[in-house]
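Numbering (the numbering used here), first residue to last: 143 to 287.
All residues carry an ideal CB built from backbone N, CA and C; glycine is no exception.
A short worksheet on the structure shown next.
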Amino acid sequence: MQERMDFYKAGPEAMRAMMGLEQRIGRSGLDKLLAEMVRLRVSQINGCAYCVDMHSTDARSAGETERRLAAVVVWREAPFFSERERAALEWAESLTLLAAGGVSDEVWNRVKPHFTPEELVDLTLLVGAINTWNRFAVSFRKIPQ
């Protein structure tokens, strides 16, 4: 597989806008490990090898265990995740797979108790941002180093 285009060079203004989103997410109250696990799960769903590699590496560097990294793809069946993490992963999957049924009231009712309104906005921004990064990396075939 060969990279199609360097989207950073082709669209520097767009990439600055994306980096602005990342800066805001970094200033949010979301836990870094939680954010990396959400990024990893969304990237798995979207089939983004570059982002799966990046976010598993980033999570590992931030202290995440190999066991949990391996199990995030089956988080519903694995006992290694807190209720808050499960809520974040469910929210992320629902937003990423909107065409498969949207965000149901059942999902909302399971997620809402675990996050403040501001955290829900930040989590939604995080999910939107990683979905966009996945689309850049997949469509232009960004290759893991």
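Between the options, which has its C-alpha nearest residue i's C-alpha?
{"i": "Val184", "options": "His197, Pro286, Glu219 and Gly244", "result": "His197"}
{"i": "Ala201", "options": "Glu225, Asp173 and Val269", "result": "Asp173"}
{"i": "Thr258", "options": "Gly171, Ala152 and Ile167", "result": "Gly171"}
{"i": "Thr266", "options": "Ala234, Val280 and Ala156", "result": "Ala234"}
{"i": "Lys254", "options": "Ser203, Arg226, Ile272 and Gly270", "result": "Arg226"}
{"i": "Glu164", "options": "Phe278, Ser281, Ala271 and Ala279", "result": "Ala271"}
{"i": "Val263", "options": "Gln287, Leu237 and Pro286", "result": "Leu237"}
{"i": "His256", "options": "Pro154, Arg228 and Gly153", "result": "Arg228"}
{"i": "Ile187", "options": "Val249, Gly168 and Val214", "result": "Val214"}
{"i": "Leu268", "options": "Ser281, Glu155, Gln287 and Arg166", "result": "Arg166"}
{"i": "Phe273", "options": "Arg169, Val194 and Ala212", "result": "In the sequence on display, residue 273 carries Asn and not Phe. Closest by alpha carbon: Val194."}
{"i": "Glu260", "options": "Ala159, Glu155, Gly153 and Arg169", "result": "Arg169"}
{"i": "Gln287", "options": "Val245, Thr199 and Ala212", "result": "Thr199"}
Under the assumption that residue i contacts residue j (Cβ atoms under 8 Å), give the Cβ distance between them as a whole number of angstroms.
{"i": "Leu240", "j": "Trp217", "result": "Contact flag wrong, Cβ pair sits at about 19 Å."}
{"i": "Arg283", "j": "Arg146", "result": "5 Å"}
{"i": "Leu175", "j": "Glu206", "result": "6 Å"}
{"i": "Cys190", "j": "Asn251", "result": "Their Cβ separation, rounded to whole angstroms, is 30 Å, which puts Cys190 and Asn251 out of contact at 8 Å."}
{"i": "Phe223", "j": "Arg209", "result": "The pair is not a contact, with the Cβ atoms about 11 Å apart (cut-off 8 Å)."}
{"i": "Tyr192", "j": "Ala279", "result": "4 Å"}
{"i": "Met143", "j": "Ile285", "result": "7 Å"}
Let me know if residue i comes out buried or exposed under the rule of 16 or more other beta-carbons within 10 Å of its beta-carbon.
{"i": "Asp247", "result": "exposed"}
{"i": "Met161", "result": "exposed"}
{"i": "Glu178", "result": "buried"}
### Query
Hey, which unbroken runs of the alpha helix (DSSP H) at 4 residues or more fall wholly within the stretch 197 to 235?
Runs of the alpha helix (DSSP H) inside the stretch 197 to 235: 208 to 213.
### Message
Please give the ranges of any alpha helix (DSSP H) in the stretch 156 to 197, keeping only runs that are unbroken, at least 4 residues long and fully inside the region.
### Response
174 to 188
### Task
Any chance you could list the alpha helix (DSSP H) runs of at least 4 consecutive residues sitting entirely within the stretch 242 to 272, in chain order?
DSSP runs (the alpha helix (DSSP H)) wholly in the stretch 242 to 272: 247 to 253.
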